[in-house]
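Enquirer: In terms of our numbering, the sequence shown opens at residue 62 and continues consecutively.
Backbone N, C-alpha and C define an ideal beta-carbon position, used for all residues, glycine too.
As the structure is a computational prediction, the values presented were derived from the model and not from experiment.
Got a structure for you, written out below as structure tokens; questions coming shortly.
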Amino acid sequence: MKLKCLGSGSSGNCYLLIAGNGETLIIDPGLQIKEIKKALNWNISCVVGAVCTHHHADHAKSVKDLEQMGISVFKPYESPQPMSIEDTGWTIQGFELTDKTGKFMHTNADGSECPCYGFLISYPEMGRLLYITDTELVKWRFKNVNQILVEANYSKEIIQQENPNYEHVCRGHMELGTTLEFLKANKGPDLRNVVLLHLSDDNSDAELFAARAKEVVGMADVYVADKEMEIELNKEPF
Ligand SMILES: [Zn+2]
62 MKLKCLGSGS SGNCYLLIAG NGETLIIDPG LQIKEIKKAL NWNISCVVGA VCTHHHADHA
122 KSVKDLEQMG ISVFKPYESP QPMSIEDTGW TIQGFELTDK TGKFMHTNAD GSECPCYGFL
182 ISYPEMGRLL YITDTELVKW RFKNVNQILV EANYSKEIIQ QENPNYEHVC RGHMELGTTL
242 EFLKANKGPD LRNVVLLHLS DDNSDAELFA ARAKEVVGMA DVYVADKEME IELNKEPF
């Protein structure tokens, strides 16, 4: 299974999961449809579906275009009806990114709650993959996860020096310390790869974030998503 990052961060998020047989799942179509089509080599027949975490343009820009092309998009923020990908090996579950009181932890520009979901995606050669972004915390715990793609938006230490109002700036996003706690709580012997997502341009440090995550997850490989990143996500170490 190949993971291709087309964009990660506030200027647009989009990932492709490309199976060995070519079947492709789009995660968060938050870029212009032209860019997504280009990354698919203009071959949309390989796309089995798409999933979208929430309605903000940097994650959902091309949802309508994909639907018009006949691609089904699982967007639990609108309908909890799970997407059916018949006759394929893909299994997709969405889960609410809420706190213990049921409040969504991502926010709109006016500060109101923005319903946002994470995904647990399974496929035989890849195993179980978690995709989590645009939340301040994750209350759920997962077992036997092979791949974790999780937001590490900013570091308190970096941002405090720049902006004393950092709580406002980063509301609705995950701080490095929270990301590390999440990794600690959900890592297991089967964890192969960790990809840190959606780093803030001004308030993060890719090398430092990767090093801190590596300390936590040990044997698993750690990557920081950026445009053009292409890595293998396989269940078995080769
Ligand atoms: Zn958002």
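Taking 7 Å as the cut-off, is the beta-carbon of HIS259 closer than that to any non-hydrogen atom of ligand 1?
Expert: What you label residue 259 is simply residue 198 of the sequence shown in a count that begins at 1. No, ligand 1 has no heavy atom inside 7 Å of this Cβ.
Enquirer: Does ligand 1 have a heavy atom nearer than 7 Å to the CB of CYS113?
Expert: Position 52 of the sequence shown, counted from the start, is the residue given in the question as residue 113. No, Cβ of CYS113 sits at least 7 Å from all heavy atoms of ligand 1.
Enquirer: For the alpha helix (DSSP H) that ILE209 lies in, which residues bound it at each end?
Expert: Position 148 of the sequence shown, counting from 1, holds the residue named residue 209. Note, ILE209: premise wrong, no alpha helix (DSSP H); beta strand (DSSP E) at 208-212.
Enquirer: Any residue with its C-beta under 5 Å from a non-hydrogen atom of ligand 1 counts. Can you list them all in chain order?
Expert: Answer in sequence order: HIS117, ASP195.
Enquirer: One question on the structure: do MET130 and ASN295 come within less than 8 Å of each other, judged by their Cβ atoms?
Expert: In the sequence shown, counting from the first residue as 1, residue 130 sits at position 69. In the sequence shown, counting from the first residue as 1, residue 295 sits at position 234. No; because the gap between Cβ atoms is not below 8 Å, this pair is not in contact.
Enquirer: Taking ALA213 as the reference, which of ILE153, THR196, VAL206, LYS204 has the closest Cα?
Expert: The count along the sequence shown starts at 1 and reaches residue 213 at position 152. That would be THR196, whose Cα lies nearest to the Cα of ALA213.
Enquirer: Can you give the beta carbon distance from ILE146 to VAL206, rounded, assuming they're within the 8 Å contact cut?
Expert: The sequence position of residue 146 within the sequence shown is 85, counting from 1. The sequence position of residue 206 within the sequence shown is 145, counting from 1. In fact, because the Cβ distance is near 20 Å, the residues do not count as touching under 8 Å.
Enquirer: Kindly indicate the opening and closing residues of the alpha helix (DSSP H) around ASN247.
Expert: For this step, residue 247 is matched to residue 186 along the sequence shown. Element bounds for ASN247: 237-247.
Enquirer: From CYS66 to LYS136, what distance separates their C-alpha atoms?
Expert: Your numbering for residue 66 matches position 5 in the sequence shown. Your numbering for residue 136 matches position 75 in the sequence shown. In a straight line, the C-alpha of CYS66 is about 20 Å away from that of LYS136.
Enquirer: Can you tell me which of the three DSSP states HIS234 falls into?
Expert: Working through the sequence shown from its first residue, we reach residue 234 at position 173. Three-state result, HIS234: coil.
Enquirer: Skipping 5 residues on each side, what residues in its chain have a beta carbon closer than 6 Å to that of SER261?
Expert: Residue 261 sits at position 200 when you count from the first residue of the sequence shown. So the list reads ASN214, TYR215, once near-sequence residues are dropped.
Enquirer: Grab me the residues of ALA267's own chain with a C-beta within less than 7 Å of its C-beta, minus the 5 sequence neighbours each way, in chain order.
Expert: By one-based count along the sequence shown, residue 267 stands at place 206. Cβ within range, chain order: LEU260, VAL285.
Enquirer: Given LYS200, which residues of its chain have a CB within under 8 Å of its CB, disregarding the five upstream and five downstream residues?
Expert: As a working note, residue 200 is residue 139 in the sequence shown. So the list reads THR159, ASP160, LYS161, once near-sequence residues are dropped.
Enquirer: Have a look at THR152, GLN208, LEU92, GLY238 and flag the residue whose alpha-carbon is nearest the alpha-carbon of ILE292.
Expert: As a working note, residue 292 is residue 231 in the sequence shown. Checked all of THR152, GLN208, LEU92, GLY238; the closest Cα to ILE292 is GLN208.
Enquirer: Give the C-beta separation of HIS167 and HIS115 to the nearest angstrom, bearing in mind that I take them to be a contact with Cβ-Cβ under 8 Å.
Expert: As a working mapping, residue 167 is identified with position 106 in the sequence shown. As a working mapping, residue 115 is identified with position 54 in the sequence shown. HIS167 to HIS115, Cβ: 6 Å. Contact.
Enquirer: Between GLY163 and PHE180, which are expected to be in contact by the criterion C-beta below 8 Å, what is the C-beta distance as a whole number of angstroms?
Expert: If you number the sequence shown from 1, residue 163 lands on position 102. If you number the sequence shown from 1, residue 180 lands on position 119. At roughly 19 Å, the Cβ-Cβ gap does not stay under 8 Å, so GLY163 and PHE180 are not in contact.
Enquirer: Are there 16 or more other CB atoms within 10 angstroms of the CB of THR152, so buried, or fewer, so exposed?
Expert: Along the sequence shown, one-based indexing puts residue 152 at 91. Under this definition THR152 is an exposed residue.
Enquirer: Give the secondary structure of LYS288 by DSSP, where H, G and I count as helix, E and B as strand, and everything else as coil.
Expert: Numbered from its first residue, the sequence shown carries residue 288 at position 227. It is coil, neither helix nor strand.
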